[in-house]
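Below is one structure, written out as C-alpha cells, with a few remarks after it.
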Amino acid sequence: MPARRRGIAESGHATRVAVVRCIVAAMFAAIVVAGLVALVFWLVVRPKPIEYTVTRAVVRHFNVTPGGGAPSGGAATVNATFYLTLAIDNPNRRLSMRYDRVEFYVYYGQNTQLALADVPRFHQPHRNETLLQVRAVARSVQVSDQAARELEHDLAAGEVSVDVQVSAGVRFIVGGVYSRYYHMHGTCSPVTMGLSPSAARSFKSVPCDVEI
Ligand SMILES: *[C@@H]1O[C@H](CO)[C@@H](O)[C@H](O)[C@H]1NC(C)=O
Ligand SMILES: *[C@@H]1O[C@H](CO)[C@@H](O)[C@H](O)[C@H]1NC(C)=O
Numbered sequence: 002m003p004a005r006r007r008g009i010a011e012s013g014h015a016t017r018v019a020v021v022r023c024i025v026a027a028m029f030a031a032i033v034v035a036g037l038v039a040l041v042f043w044l045v046v047r048p049k050p051i052e053y054t055v056t057r058a059v060v061r062h063f064n065v066t067p068g069g070g071a072p073s074g075g076a077a078t079v080n081a082t083f084y085l086t087l088a089i090d091n092p093n094r095r096l097s098m099r100y101d102r103v104e105f106y107v108y109y110g111q112n113t114q115l116a117l118a119d120v121p122r123f124h125q126p127h128r129n130e131t132l133l134q135v136r137a138v139a140r141s142v143q144v145s146d147q148a149a150r151e152l153e154h155d156l157a158a159g160e161v162s163v164d165v166q167v168s169a170g171v172r173f174i175v176g177g178v179y180s181r182y183y184h185m186h187g188t189c190s191p192v193t194m195g196l197s198p199s200a201a202r203s204f205k206s207v208p209c210d211v212e213i
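Everything in the sequence shown is counted per this note's numbering, starting at 2 for the first residue and increasing by one.
The following block contains the structure:
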C-alpha cells in the first residue's frame, strides 16, 4: 500500500513538471513568434518618423488691457488672433494616419493659455504632406499682472514669442489594418512672430517635439 501511494505521488509530481515545461515552452515560442512578427513588420513597413512643423504664424489685433490692480480692479486681459499653419509630413510608403480632433493651444510662458482651436478628424495618406491651418482667437483672456507686463513689453519691442502645443488622437494604418488610438502631443517652441504687417514673410519654421 505505501509503495503504491508513493507511486501516485510521484506520477502527480511528474505531471506537474510536464505542465510547467509545456507552459515555459509555449511562452518561449510565443516570444519568438512575436519577435519575428515585429521584425517582419519593421522590414516591410520601414517606419520613418512623421514630422510636425509650424510653417507659418501670424498674430493680428494684439492688445493688452492692464488690470486695475487688486483688490478693486479687474484682471489684465489680452486680445489677439493667431493664424497658424502646421505642416504634417508623413514620408512613409506603407503607413497612413488617421487623426481625430487635432487641438492647437497657444501658450504664453508655461501657464498662460491664450487661445485654442481645433481641426476635425481627417485621414493622411502615405507619402503626403498635409497643411493644417487654424485661427485661434484670444478674446478678453484674463492673464496675471506679470504676464500682462511681459506682453506689453513684447508689444513695445514689436515681437511676441508663444508656445504652440498640439494634441490629437492618432491611429496608424498599415495595409488596411488600424492600430489602437494613441495620444499624440507636440510642443512647438518658441514660435516668434513679428508684429509689423510685413513680419509674416520673414517667419522661420519651428519644428515640433512630438511624443506619441
Ligand atoms: C495630402 O493628402 C490630402 C488629403 O487627402 C490632400 O488633400 C493633399 O493634396 C495631399 N498632399 C499631397 C502633397 O499629396
Ligand atoms: C477685446 O475684445 C473684447 C471682445 O471682443 C472687447 O470688448 C474689448 O474691448 C477688446 N479689448 C481691447 C483692449 O481691444
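Note that CB positions come from ideal geometry on N, CA and C, so glycine has one too.
Bear in mind that the values here come from a model prediction, so they are computed numbers and not experimental data.
- What residues are listed by DSSP as bridge partners for ILE171? This sequence places Val at residue 171; Ile is not what is there. Per DSSP, the beta bridge partners of VAL171 are TYR100, TYR183.
- Can we count THR82 as close to ligand 2, meaning its CB is less than 7 Å from some heavy atom? With a cut-off of 7 Å, the C-beta of THR82 is classified as distant from ligand 2, since no heavy atom of the ligand falls inside that distance.
- Message: Between ASP146 and ALA58, how many whole angstroms is the CB-CB distance? I'm expecting something under 8 Å.
- Response: Cβ atoms of ASP146 and ALA58 stay farther apart than 8 Å, at about 26 Å.
- Nearest neighbour of THR82, chosen from HIS186, PHE63, ALA19, LEU96 [CA to CA]: Measuring from the Cα of THR82, the nearest candidate turns out to be PHE63.
- Task: Kindly give me the distance between the Cβ atoms of GLU153 and LEU196, rounded to whole angstroms, as I take these residues to be in contact under 8 Å.
- Result: So it is not a contact: roughly 12 Å between Cβ atoms.
- Going by the C-beta, is ASN129 closer than 7 Å to any heavy atom of ligand 1? At least one heavy atom of ligand 1 is nearer than 7 Å to the Cβ of ASN129, so yes.
- Item | Strand pairing of THR78, partner residues [DSSP] | THR66, GLN143.
- Message: Considering just the uninterrupted stretch of the beta strand (DSSP E) at GLN125, what are its terminal residues?
- Response: Membership of GLN125 in the beta strand (DSSP E) is indicated by the continuous run 123 to 125.
- Using DSSP with H/G/I as helix, E/B as strand and the rest coil, what is GLY13? DSSP places GLY13 in the helix class (H, G or I) of the three-state scheme.
- Item | Coil, strand or helix - PHE241 by DSSP | This structure leaves residue 241 out entirely; the chain is present only between 2 and 213.
- Assign CYS23 to one of two classes, buried (16 or more other C-beta atoms within 10 Å of its C-beta) or exposed (fewer than that). Around the CB of CYS23, fewer than 16 other CB atoms lie within 10 Å, so the residue is classed as exposed.
- Residue of ALA149, SER168, ALA148, SER180 minimising C-alpha distance to LEU133: Minimum Cα distance to LEU133 is reached at SER168.
- Query: Does DSSP classify ILE89 as helix, strand or coil?
  - Reply: Residue state for ILE89 is assigned as strand, using DSSP reduced to three classes.
- Message: Considering just the uninterrupted stretch of the beta strand (DSSP E) at ALA118, what are its terminal residues?
- Response: Segment 113 to 120, the beta strand (DSSP E) holding ALA118.
- Task: Please go through the same chain and pick out, in chain order, the residues whose beta-carbon is closer than 7 Å to the beta-carbon of SER141, but skip the five residues on each side of it.
- Result: Shown here for SER141: same chain residues with a beta carbon closer than 7 Å to its own, the five before and five after excluded, namely THR78, ASN80 in chain order.
- The beta strand (DSSP E) enclosing PRO208, as first and last residue numbers: Residues 207 to 212.
- Query: Is there contact between the region 92 to 105 and the region 119 to 138, where contact requires at least three CB pairs shorter than 8 Å?
  - Reply: The region 92 to 105 is in contact with the region 119 to 138.
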